[in-house]
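Sequential numbering from 1 applies to the sequence shown in full-length UniProt numbering.
Notes to accompany the following structure.
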Amino acid sequence: MSLRVAVQMDPVLGINIDTDTTFLMMMEAQNRGHKLWFYTPDKLSLEDGRVFARAQPLEVFAQKGAHARLGETVVLDMKDDVDVVLMRQDPPFDMAYITATHFLEKVHPHTLVVNNPAEVRNAPEKLFVTDFPGVQPPTLITSDHEAIYDFRARHGDIVLKPLYGGGGSGVARLLADDPNLDALLELHAMIGREQVIAQKFVPAVSKGDKRVLLVDGEPVGAINRVPAAGQVRSNLRVGGRAEAVELTARDKELCAIIGPELKKRGLLFVGIDVIGEYLTEINVTSPTGAQQLKRFSGIDAAAVLWDRIEIIRSTPA
């Protein structure tokens, strides 16, 4: 089976091929004989009910500095010219991101969009986890400053983070007597009107923030992301160090709790974040960690994903 695959992502020429999960997905697709096109989200359009993208044919190579060859721009009808869309642009999950999900919802599932755009929109990563009682540390989502002060008074050491951020941006730890809470809340308010998350600090984060990758609701494997000395953020893009790790009984329990809902919603490729015994986020936009997982364990999450995509595309509707 040869599929026509359009990849909606951030600029392909700027990625790090050693760490980028989307690059691994594209290489795997190309190795299977699938045809690739690339476009950025701003090249996606809706006109009279028709969704189209100004895209470029793409070849990828495992060669630093020369990892992508782009052809001349063409106009793709996203319903008639494409079999699969990989929606892989990074957050922030802003109105432009949401609008792109509305566009792609008009062609899915005739054109398979990974992940289901309606469910990406309906499952913001830090809100979706609240659908599963008992899996999170104590968590407050609000823009009410008094509620945040009350939460800190009850829980002491907390972490404050933007609701729709990503990659560890804007995450700060505040001790019970830290005088900077007002200033941080003012900074968040200057950036936008969105609520923030206050979460009880989990000391186990010093041992790492585990990223577990799931394909169609089933766990594939995990890596551990260890923060730099003196830091609370373990995200790889802000200096965290990846290391090998095995799935624990608790990790498998958490996957069993959320897995059926991921499968039901068509969220084919998901990364969850686990600190100690707690699930802190369910990442459905552009989860990362597949390169590190393959490097440490030999498990290729991209291959598992393409196996599943090919089954879906070959199954009569």
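Each residue gets a CB set at the ideal place from its N, CA and C atoms; glycine is no exception.
Quick caveat, the model's predicted, so the values are computed rather than measured.
Cβ distance (whole Å) where residue i is taken to contact residue j below 8 Å
i: L268; j: N115; result: 6 Å
i: T111; j: V85; result: 6 Å
i: A244; j: I223; result: 7 Å
i: F103; j: L44; result: 6 Å
Element boundaries [alpha helix (DSSP H), containing residue i]
i: A62; result: Neither: A62 is in no alpha helix (DSSP H) and is coded neither H nor E.
i: R250; result: 249-265
i: L213; result: It is not in any alpha helix (DSSP H) - L213 instead sits in the beta strand (DSSP E) that spans 209-215.
Extent of the continuous beta strand (DSSP E) to which residue i belongs
i: T99; result: Unbroken run through T99 is the alpha helix (DSSP H), 95-105; no beta strand (DSSP E).
i: M87; result: 84-87
i: Y39; result: 35-39
Residue i, buried or exposed, once every other Cβ within 10 Å from all chains shown has been counted against 16
i: S234; result: Confidence at S234 is low in this model, with a pLDDT of 49, below 50, so its placement is unreliable and the value that follows should be read with caution. Label assigned to S234: buried.
i: D150; result: exposed
i: N283; result: buried
i: L187; result: exposed
i: Q63; result: exposed
i: L293; result: buried
i: S2; result: exposed
i: L13; result: exposed
i: T315; result: exposed
i: L254; result: buried
i: K264; result: exposed
i: M190; result: exposed
C-alpha gap between residue i and residue j, whole angstroms
i: T130; j: D216; result: 20 Å
i: I158; j: V75; result: 49 Å
i: T21; j: G156; result: 37 Å
i: I309; j: L160; result: 37 Å
i: P57; j: L46; result: 21 Å
i: D182; j: A198; result: 13 Å
i: A172; j: V205; result: 13 Å
i: D83; j: Q89; result: 19 Å
Three-state class that DSSP yields for residue i in the structure shown
i: K79; result: coil
i: T22; result: helix
i: P124; result: coil
i: S297; result: helix
i: P137; result: coil
i: D90; result: coil
i: E47; result: strand
i: D182; result: helix
i: D273; result: strand
i: T73; result: coil
i: V245; result: coil
Cβ-heavy atom distance, residue i to the ligand FMN, below 6 Å
i: K264; result: The model depicted lacks the ligand FMN and carries no ligand whatsoever.
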